[in-house]
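J.:
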Amino acid sequence: MTGLLLVGAFLVLAVPLSLRPIGRRMPPARWARVCAVCLLAGAVLWQVGLVSVALPGVLRTLHAGGLANACDRVLGGVNPVVAGGLGWIAAVLVGLTGVRARRERRRIKDNRHRAHVEPWLGAHTAHDRFELVVLPCDEVIAISTDGAPAQVVVSAGLVETLTPEQLDAVVRHEAAHLQHRHARLLLMSGAIRSALWYVPVARLSCHVLETALERWADEEAAGPSAAERSVVREALWRVTESTSSPGVAAFAGPATIAERLDALTSPAPARSLARSLLVGASVVGAFGFALAALIGTRSELDLLAALTHLCPR
Numbered sequence: 003m004t005g006l007l008l009v010g011a012f013l014v015l016a017v018p019l020s021l022r023p024i025g026r027r028m029p030p031a032r033w034a035r036v037c038a039v040c041l042l043a044g045a046v047l048w049q050v051g052l053v054s055v056a057l058p059g060v061l062r063t064l065h066a067g068g069l070a071n072a073c074d075r076v077l078g079g080v081n082p083v084v085a086g087g088l089g090w091i092a093a094v095l096v097g098l099t100g101v102r103a104r105r106e107r108r109r110i111k112d113n114r115h116r117a118h119v120e121p122w123l124g125a126h127t128a129h130d131r132f133e134l135v136v137l138p139c140d141e142v143i144a145i146s147t148d149g150a151p152a153q154v155v156v157s158a159g160l161v162e163t164l165t166p167e168q169l170d171a172v173v174r175h176e177a178a179h180l181q182h183r184h185a186r187l188l189l190m191s192g193a194i195r196s197a198l199w200y201v202p203v204a205r206l207s208c209h210v211l212e213t214a215l216e217r218w219a220d221e222e223a224a225g226p227s228a229a230e231r232s233v234v235r236e237a238l239w240r241v242t243e244s245t246s247s248p249g250v251a252a253f254a255g256p257a258t259i260a261e262r263l264d265a266l267t268s269p270a271p272a273r274s275l276a277r278s279l280l281v282g283a284s285v286v287g288a289f290g291f292a293l294a295a296l297i298g299t300r301s302e303l304d305l306l307a308a309l310t311h312l313c314p315r
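Right, here's the structure in full:
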C-alpha cells in the first residue's frame, strides 16, 4: 500500500503537466489554482509515502526489531534486506527534501528582501495598493516585491524602451501579482521544485504553475480588449531581458514568454463546461486514488501495535 501511496502522489503531482494543453485554454486564474492545489497536496503525499517506506530501516537502527518486522509485513512483505535498503534511501530523501525546501525558501526570501528598494534610491510614487519605484539605471527591469510597502520596480531603461501605454500595461501586470499575492505561490513552487529535484514531473508541473501565474497577470493587465492585449504583447516583445532573481515576479521571465505571447495573440480564454468537467474529473481521479492509498496506509499503520508481539525479535 505504501507503493500505491507514492504512485498516487505522483499522479497528483503530474496533473498540471498532463493537463497543460487543456489548462492553457482555461482562464489562467482558475488553472493556476488547480496547479497550486495539486502541487502542494502531491508534495505532502509524497513525503508521507517516503516516511512510510523509511520506517522499517529506521526502526531496526533504533533496535525496535519487532515493530520493524511488523512494518515489513504490513507495508510490503518484501525481503528485510531489500526493505532496509529502500527504507534508508527513503529516509535520506526525506531529510534532503526538508533541508532543500527550507534552503530554497530562505534563498527566495533573501532575494525578495534585496529586491525591495530603499526610500532614498530612485523615484518613489505612492499608488493605491503599492509604491511605484523608478530606478536610475539603463538595465531593463520590471519586477514586483511584496513587503512594507509592496513595490512595483521598473528602471529608467525600461521607461525609455516602452511607450507610455506599454509601460502602464507592465505596471498593471506587476500590480496584479501583488493584488493576488502570487509571491506566496512562487515561493511554494520554488520550494517544491528544489525539494523534489529527483522527481522530474514535479519540476515540470512547477513550471506550468509559474507560467499560469504570469498569464493570470497578463490577463489582468490586458482584459478582453483586443487593443489592450496587443499593447501587452508588444511590451513583452520589447522587454527581452530582466535582472530579476528567482522567486521574484518579473514581467518578462524568459521561461514563460513563448506561451504568453501565443495566448495574447488570441482572445481572452472563456470558461468552458466541457474543459472544466474534464479537468475536474482528472483531479478527482488522481486525488481519489491517492486518498484511498493514504487511508489504506493509515489502516495498516494502526495494525502495527497489534502485530508487534507476533514478530520475532
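As numbered in the working numbering, residues 3 to 315 make up the sequence shown, in order.
Cβ atoms here follow ideal geometry from the backbone N, Cα and C, with glycine treated the same way.
Grouping DSSP H, G and I as helix and E and B as strand, with all else coil, what is Ser316?
T.: The requested residue 316 is not part of the displayed model; the chain covers only 3 to 315.
J.: Grab me the residues of Asp140's own chain with a C-beta within less than 6 Å of its C-beta, minus the 5 sequence neighbours each way, in chain order.
T.: Within the sequence shown, numbered from 1, the residue matching residue 140 stands at position 138. So the list reads Gly159, once near-sequence residues are dropped.
J.: May I ask you to report which of helix, strand or coil DSSP gives Ser54?
T.: Residue 54 sits at position 52 when you count from the first residue of the sequence shown. In the structure shown, Ser54 sits in a helix (DSSP, three-state: H, G or I).
J.: Please determine, among Ala103, Val155 and Ala43, the residue with the shortest C-alpha to C-alpha distance to Pro138.
T.: Translated into positions along the sequence shown, residue 138 becomes position 136. Measuring from the Cα of Pro138, the nearest candidate turns out to be Val155.
J.: Residues bridged to His126 by DSSP?
T.: Locating residue 126 in the sequence shown gives position 124, counting from the first residue. Val135, per the DSSP bridge assignment.
J.: Which of the three DSSP states is assigned to Thr258 in this structure?
T.: Counting from one through the sequence shown, the residue named residue 258 turns up at place 256. Reduced to three states, the DSSP call for Thr258 is coil.
J.: Out of Val161, Gln181 and Ser191, which has the shortest C-alpha to C-alpha gap to Pro378?
T.: Not covered by the structure: residue 378. The range shown for the chain is 3 to 315.
J.: In this structure, how does DSSP classify Glu176 when only helix, strand and coil are distinguished?
T.: Counting from one through the sequence shown, the residue named residue 176 turns up at place 174. It is helical.
J.: From Val281 to Asn113, what distance separates their C-alpha atoms?
T.: As a first step, residue 281 is located in the sequence shown; it is residue number 279 there, counting from the start. As a first step, residue 113 is located in the sequence shown; it is residue number 111 there, counting from the start. The straight-line gap from Cα to Cα measures roughly 35 Å.
J.: Who are the near neighbours of Leu21 in its chain, counting only those whose CB is closer than 7 Å to its CB and skipping five residues on each side?
T.: Your numbering for residue 21 matches position 19 in the sequence shown. Correct list, in chain order: Val281 and Ser284.
J.: Would you tell me roughly how many angstroms separate the C-alpha atoms of Thr127 and Leu279, rounded to the nearest one?
T.: Within the sequence shown, the letter at position 125 stands for residue 127. Within the sequence shown, the letter at position 277 stands for residue 279. For Thr127 and Leu279, the distance between alpha carbons rounds to 45 Å.
J.: Work out the CA separation of Arg27 and Glu212 for me, nearest whole Å.
T.: Position 210 of the sequence shown, counted from the first residue, corresponds to residue 212. Position 25 of the sequence shown, counted from the first residue, corresponds to residue 27. For Glu212 and Arg27, the distance between alpha carbons rounds to 16 Å.
J.: Relative to the alpha-carbon of Ala292, which residue among Leu47, Leu189 and Arg35 has its alpha-carbon at the smallest distance?
T.: Sequence index remark: in the sequence shown, residue 292 carries index 290 (1-based). Comparing Cα positions, the closest option is Leu47.
J.: If you drop the 5 nearest sequence neighbours on each side, which residues of the same chain put their C-beta closer than 7 Å to that of Gln49?
T.: The sequence position of residue 49 within the sequence shown is 47, counting from 1. Result list for Gln49: Val96 and Thr99, in chain order.
J.: Tell me which same chain residues have a C-beta within less than 8 Å of the C-beta of Leu263, skipping the five on either side of it?
T.: Within the sequence shown, the letter at position 261 stands for residue 263. Once the five neighbours on either side are set aside, the close Cβ partners of Leu263 are Arg235, Leu238 and Trp239.
J.: Tell me where the alpha helix (DSSP H) around Trp239 begins and ends.
T.: Indexing the sequence shown from 1 puts residue 239 at position 237. Trp239 -> alpha helix (DSSP H) spans Ala228 to Arg240.
J.: Residues in the same chain with beta-carbon distance under 7 Å from Leu312, minus the five sequence neighbours each way, listed in chain order, please.
T.: Indexing the sequence shown from 1 puts residue 312 at position 310. Here Leu312 scores only 49 on pLDDT, less than 50, and its place in the model is too uncertain to base an answer on.
J.: Just reading off the alpha helix (DSSP H) that Ser207 is part of, what are its end residues?
T.: Here the question's residue 207 lines up with position 205 in the sequence shown. From DSSP, the alpha helix (DSSP H) with Ser207 extends over Pro202 to Ala224.
J.: Excluding the five sequence neighbours on either side, which residues of its own chain have a C-beta within less than 8 Å of the C-beta of Glu230, listed in chain order?
T.: Working through the sequence shown from its first residue, we reach residue 230 at position 228. So the qualifying residues of the chain are Ala171, Ala223 and Ala224.
J.: Can you confirm whether the region 182 to 200 touches the region 260 to 275 when touching is taken to mean that 3 or more C-beta pairs between the two stretches lie within less than 8 Å?
T.: The region 260 to 275, when compared against the region 182 to 200, does not touch it at the 8 Å Cβ threshold.
J.: Just to confirm, is the Cβ distance from Leu134 to Val173 under 8 Å?
T.: As a position in the sequence shown, residue 134 is number 132, starting the count at 1. As a position in the sequence shown, residue 173 is number 171, starting the count at 1. Result yes, Cβ atoms of Leu134 and Val173 sit closer than 8 Å.
J.: Are the beta-carbon atoms of Trp218 and Pro23 separated by less than 8 Å?
T.: On the sequence shown, position 216 is the one that residue 218 refers to. On the sequence shown, position 21 is the one that residue 23 refers to. Cβ distance not < 8 Å, so Trp218 and Pro23 don't count as in contact.
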